[in-house]
Amino acid sequence: MHGRVCRWPIVLAALVLSPAASHADCPALRGGAPWYERLDRAAKQPGAPSDLRSLLQRDGFPPFGVRPAMGPAPLTVEVGWAYQPVENPLRIEIDADGDGTPEWVQAAYDAVPRTYTYAREGRYQLTALVYERGGGIARFSAAARVMSPAAFDLELEGRWADMHTALRRGDSAAALECVHGASRGQYRQIFESLVRRGYHHGPSRPTLVERRPDEMIYTVPRAVGGRVHAYEIRFLIDEDGEWRISSF
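Numbering (the working numbering), first residue to last: 420 to 667.
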């Protein structure tokens, strides 16, 4: 595997579902979303497990997840496993919409996530029941929030505003938390420079340009040289399923 560990839970599943997987197989456990940085710190601790599955289990990373965790209706999500919480299960049932009836019944963990589409707005609790051969049942869950397009736009607008608020109070680290993991290296020095000089600007309200399954594009007005130009803001789904600013 080359470059950054990418989309949760696809790459983790591909590694962890292999018995020989090790976090040494991931040469770029760095940057990215908060859980990703947490994994990086955990891997560097003295006495950290050498295999990725044990590392994830020890540090409480959820084995079952949905991506993205939030979005506008209709919302198509990926449902998958980061690691096997129960070895050699009898069967696995996954209820994606919370109605008590499983959408999928299977004999093994999926190495590649399944997809599910929510047509209506609402908060959904996905549940996975893993039946053990000894008779026990392990239960795991994940949440998905499906919003109206207008409410979703306000949510992303709030993240844009949060970034500006953090810069105005001199907190470049908090501002970076609003930025996509793959872009943080690009903006870190810029934010630190803005904070040193003193940042006093408020955000302009974004205007939607285009919706894509894994990307949202907006523009904001900005006056340059006496003229008002439209500048683009792009939001992408980060490693942890959250939408963050990738460029502006």
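For every residue, glycine included, the Cβ atom is placed at its ideal position computed from N, Cα and C.
**Request:** Name, in chain order, the residues that DSSP records as bridge partners for I664.
**Result:** The partner list for I664 (beta bridge, DSSP) reads V598 and F654.
**Request:** Buried or exposed for L573, please, with buried defined as at least 16 other CB atoms from any protein chain shown within 10 angstroms of its CB.
**Result:** Its Cβ having fewer than 16 others within 10 Å, L573 is exposed.
**Asked** For D659, which of helix, strand or coil comes out of DSSP?
**Response** Reduced to three states, the DSSP call for D659 is coil.
**Asked** If we count Cβ pairs, one from each stretch, closer than 8 Å, do we get three or more for the stretch 595-607 versus the stretch 620-629?
**Response** Touching, no, given that fewer than three Cβ pairs across the two stretches are closer than 8 Å.
**Asked** Taking C-beta to C-beta, are R533 and R564 nearer than 8 Å?
**Response** Their beta carbons are not under 8 Å apart, which means R533 does not touch R564 by this criterion.
**First and last residue of the uninterrupted beta strand (DSSP E) at Q503** = It is not in any beta strand (DSSP E) - Q503 carries neither H nor E in the DSSP assignment.
**Prompt:** Does the Cβ of A439 have 16 or more other Cβ atoms within 10 Å, making it buried, or fewer, making it exposed?
**Reply:** Note that A439 scores 39 on pLDDT, short of 50, meaning its location in the model is unreliable; the coordinates nonetheless yield the value given after this. It counts as exposed.
**Request:** Can you tell me which of the three DSSP states V549 falls into?
**Result:** V549 falls in the strand class under three-state DSSP.
**Asked** Rounded C-beta distance between A488 and G660? I'm assuming under 8 Å.
**Response** Yes, A488 and G660 are in contact; Cβ-Cβ is about 4 Å, under 8 Å.
**Request:** Along the alpha helix (DSSP H) that carries V614, what are the first and last residues, could you check?
**Result:** R603 to R616 is the extent of the alpha helix (DSSP H) around V614.
**Message:** Taking only three categories from DSSP, how would you classify A527?
**Reply:** The answer is coil: DSSP assigns A527 none of H, G, I, E or B.
**Prompt:** When the Cα atoms are used, what is the spatial distance from I652 to A569?
**Reply:** For I652 and A569, the gap between their C-alpha atoms comes out near 17 Å.
**Asked** Going along the chain, which residues of its own chain have a beta-carbon closer than 7 Å to the beta-carbon of H619, five neighbours each way excluded?
**Response** By the criterion of a C-beta distance shorter than 7 Å, H619 is surrounded in its chain by R587, once the five residues flanking it on both sides are discounted.
**Prompt:** Do V496 and the ligand GTP come close, with the Cβ less than 7 Å from some heavy atom?
**Reply:** Annotation note on the ligand GTP: not contained in the displayed structure, which lists no ligands.
**Prompt:** Alpha carbon to alpha carbon, what distance is there between E611 and A538?
**Reply:** Spanning the two alpha carbons is a distance of roughly 42 Å.
**Message:** Relative to the C-alpha of G484, which candidate in G499, Q608, N507 and Q605 has its C-alpha closest?
**Reply:** Of the listed residues, the one whose Cα sits closest to G484 is G499.
**Item:** Sequence-distant residues of its chain with Cβ nearer than 6 Å to Y650 (five each side left out)
**Value:** Counting only Cβ-Cβ distances below 6 Å, and skipping sequence neighbours, we find V639 and R641.
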